[in-house]
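Student:
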Amino acid sequence: MGLLRMSWTFLWLSFLCIGGGLGIIPELERQSVTVHQWLTAREFLDGYTLAQLTPGPNMKVVAFVGHRAHGLAGGLLAAFAMFVPPAIVTAVVAHRWRRIRGRPWAMAVERTLAPIGIGLMAGGVYTLARSAIHDTFTAGIAVAAAIALVLRPVPPLAVMLAAGLAGWLLR
Amino acid sequence: MTGPGLARLTAVFAWVGLASLGGGRSAYFHDALVRRRRWLSDDEFLQDLAISQILPGPNFSNLAVALGYRLGGFGGAACALVALVLPGVVILLALAVVYLRGGFTAAVASAMHGMGAAVVGLIAVMSARIIRAGLRDRPALLLAAATALAVGPLALPTVWVIAGASAVGLWLHWPRASEALTPRGGA
Chain A
10 MGLLRMSWTF LWLSFLCIGG GLGIIPELER QSVTVHQWLT AREFLDGYTL AQLTPGPNMK
70 VVAFVGHRAH GLAGGLLAAF AMFVPPAIVT AVVAHRWRRI RGRPWAMAVE RTLAPIGIGL
130 MAGGVYTLAR SAIHDTFTAG IAVAAAIALV LRPVPPLAVM LAAGLAGWLL R
Chain B
741 MTGPGLARLT AVFAWVGLAS LGGGRSAYFH DALVRRRRWL SDDEFLQDLA ISQILPGPNF
801 SNLAVALGYR LGGFGGAACA LVALVLPGVV ILLALAVVYL RGGFTAAVAS AMHGMGAAVV
861 GLIAVMSARI IRAGLRDRPA LLLAAATALA VGPLALPTVW VIAGASAVGL WLHWPRASEA
921 LTPRGGA
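As you go down the protein sequences, you meet chains A and B in turn. Under our numbering, the first residue of the first sequence is numbered 10, with each subsequent residue one higher. Under our numbering, the first residue of the second sequence is numbered 741, with each subsequent residue one higher.
Okay, here's the thing in structure tokens:
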């Protein structure tokens with residue numbers, strides 16, 4: 010019963026993620042900490058930091074919450090509820106869009122949405138920079154990573170590991 | 741369907757997922773699929789980026805699904821989703837066990853800070869490339885700049901920003917009655 014209620018909560022939250030998961034983090038915290046008390050506020054914050062610094066989408070933080078509340082099954086079910094239903098909607102829309110995209114109104118929609126998508130992405134870079142850059146050391150790492158990627162097609166993973174090593178050795 | 745094949749698609753999407761430490765960043769897909777492998781054109785990527793950001797659900801996984809569908813149909817979409825999400829979830833759950841047993845050492849925390857900072861540099865470069873490829877006329881540039889300003893420095897609610905920007909964009913681009921029979925070519 011608890012598992013079911015938790016899955017339902019993450020499912021409706023998943024459909025509130027529009028233009029990026031960041032927008033629903035406050036509501037996700039309210040549901041997890043205050044309403045259902047699946048974990049403490051401190052644990053939620055640590056879980057979100059972990060989710061940000063591990064591979065894959067940030068919203069997998071729900072797996073952390075689910076694991077805290079209901080163990081392994083809770084963690085996996087939480088991730089399923091967050092990612093699979095919106096993915097089905099996206100696949101169906103991508104499928105339909107192929108057939109209608111030649112029409113004039115569909116072209117207007119595409120010409121409108123593409124720059125908005127780019128703008129949301131750029132805004133996200135700003136938000137992330139504010140949370141991750143707080144001194145010369147972190148700013149220096151960010152600049153070094155950017156230069157590495159501009160000069161050579163190094164794999165991002167290699168840059169990340171080097172940065173982790175730098176953080177570990179120099180701090 | 742002249743895609744890369746499901747096994748190859750799964751491997752590449754899993755690699756993108758694993759490389760995206762520091763959170764889901766859609767720009768990583770541009771780097772992997774458009775610049776490095778040329779599986780997609782800039783325009784195709786931008787269409788899917790827009791779809792994934794407008795539809796409800798986590799962006800990064802939605803983008804994987806849209807790109808996976810384009811490259812391999814519904815099977816490609818399913819493989820893309822699992823490849824992108826599952827490895828990260830498994831790693832996170834493993835770390836959650838360690839965390840709940842007593843937290844991390846200071847060394848791990850500083851390594852994580854270093855990686856968090858590097859992410860900013862990486863996605864700044866990747867996003868700049870997407871901006872250069874995608875914003876070719878003045879209305880597009882202004883719409884993107886206004887959206888970025890609103891959700892970034894001004895921190896306005898994303899849903900309202902999307903609604904407002906969509907209204908302005910559609911008003912600019914909607915086919916006028918006189919053009920209805922001759923839709924604009926190109927673009």
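For glycine and all other residues, C-beta sits at the position ideal for the given N, C-alpha and C. Since we're looking at a predicted model, the values are computed, not measured.
1. On the CB-based measure, 16 or more other CB atoms within 10 Å of its CB, does threonine 845 (chain B) come out buried or exposed?
2. For glycine 184 (chain A), which residues in chain B fall below 8 Å Cβ to Cβ?
3. When you compare only the Cα positions, how much space is there between serine 760 (chain B) and glutamine 46 (chain A)?
4. Quick check on leucine 81 (chain A): buried or exposed, where buried means 16 or more other Cβ atoms within 10 Å of its Cβ?
5. In whole angstroms, what separates the C-alpha of leucine 160 (chain A) from that of methionine 855 (chain B)?
6. Compare the C-beta of methionine 15 (chain A) against all C-beta atoms of chain D and say whether one is closer than 8 Å.
7. Have a look at serine 781 (chain B) and valine 899 (chain B) and give me their C-alpha separation to the nearest angstrom.
8. Output, in chain order, the set of chain B residues within a Cβ distance shorter than 8 Å of valine 42 (chain A).
9. Flag this pair as touching only if the region 870 to 887 of chain B and the region 770 to 787 of chain B have three or more C-beta atom pairs under 8 Å; answer yes or no.
10. Determine which residues of the region 775 to 798 of chain B have a Cβ less than 9 Å from any Cβ of chain A, and write them out in chain order.
11. Throw me the rounded Cβ distance for the leucine 129 (chain A) and threonine 887 (chain B) pair, which I believe falls under 8 Å.
12. Check alanine 864 (chain B) in the structure and name its three-state DSSP category.
13. Under three-state DSSP, which class holds alanine 895 (chain B)?
14. Flag this pair as yes or no: are the beta carbons of alanine 851 (chain B) and tryptophan 177 (chain A) separated by less than 8 Å?
15. Ignoring anything shorter than 4 residues or poking outside the region 760 to 830 of chain B, list the alpha helix (DSSP H) runs there in chain order.
16. Roughly how many whole angstroms lie between the Cα atoms of valine 98 (chain A) and leucine 811 (chain B)?
Tutor: Taking the geometry as given:
1. Walking along the second sequence from the start, residue 845 (chain B) turns up at place 105. That one is exposed.
2. Outside the modelled stretch of chain A, which goes from 10 to 180, sits residue 184 (chain A), for which no answer is possible.
3. Residue mapping note: residue 760 (chain B) aligns to position 20 of the second sequence, counting from 1. Residue mapping note: residue 46 (chain A) aligns to position 37 of the first sequence, counting from 1. Going by the C-alpha atoms only, they are around 30 Å apart.
4. In the first sequence, the residue the question calls residue 81 (chain A) occupies position 72. Leucine 81 (chain A) is exposed by the Cβ-count criterion.
5. Residue numbering aside, residue 160 (chain A) sits at position 151 when the first sequence is read from its first letter. Residue numbering aside, residue 855 (chain B) sits at position 115 when the second sequence is read from its first letter. Going from the Cα of leucine 160 (chain A) to the Cα of methionine 855 (chain B) covers about 19 Å.
6. In the structure shown, chain D does not exist; the protein chains are A and B.
7. Within the second sequence, numbered from 1, the residue matching residue 781 (chain B) stands at position 41. Within the second sequence, numbered from 1, the residue matching residue 899 (chain B) stands at position 159. Looking at the two C-alpha atoms, the distance is approximately 29 Å.
8. What you label residue 42 (chain A) is simply residue 33 of the first sequence in a count that begins at 1. Neighbours of valine 42 (chain A) on chain B: none; closest Cβ ~16 Å, over 8 Å.
9. yes
10. Arg775, Arg776, Asp783, Leu786, Gln787, Asp788, Leu789, Ala790, Ile791, Ser792, Gln793, Ile794, Leu795, Pro796, Gly797, Pro798
11. Locating residue 129 (chain A) in the first sequence gives position 120, where the first residue counts as 1. Locating residue 887 (chain B) in the second sequence gives position 147, where the first residue counts as 1. The pair is a contact, with the Cβ atoms about 6 Å apart (cut-off 8 Å).
12. Walking along the second sequence from the start, residue 864 (chain B) turns up at place 124. Reduced to three states, the DSSP call for alanine 864 (chain B) is helix.
13. On the second sequence, residue 895 (chain B) is found 155 positions in, with the first residue counted as 1. Of the three classes helix, strand and coil, the one that applies to alanine 895 (chain B) here is coil, per DSSP.
14. What you label residue 851 (chain B) is simply residue 111 of the second sequence in a count that begins at 1. What you label residue 177 (chain A) is simply residue 168 of the first sequence in a count that begins at 1. Taking 8 Å as the Cβ cut-off, alanine 851 (chain B) and tryptophan 177 (chain A) qualify as a contacting pair.
15. 782 to 794
16. Translated into positions along the first sequence, residue 98 (chain A) becomes position 89. Translated into positions along the second sequence, residue 811 (chain B) becomes position 71. For valine 98 (chain A) and leucine 811 (chain B), the distance between alpha carbons rounds to 17 Å.
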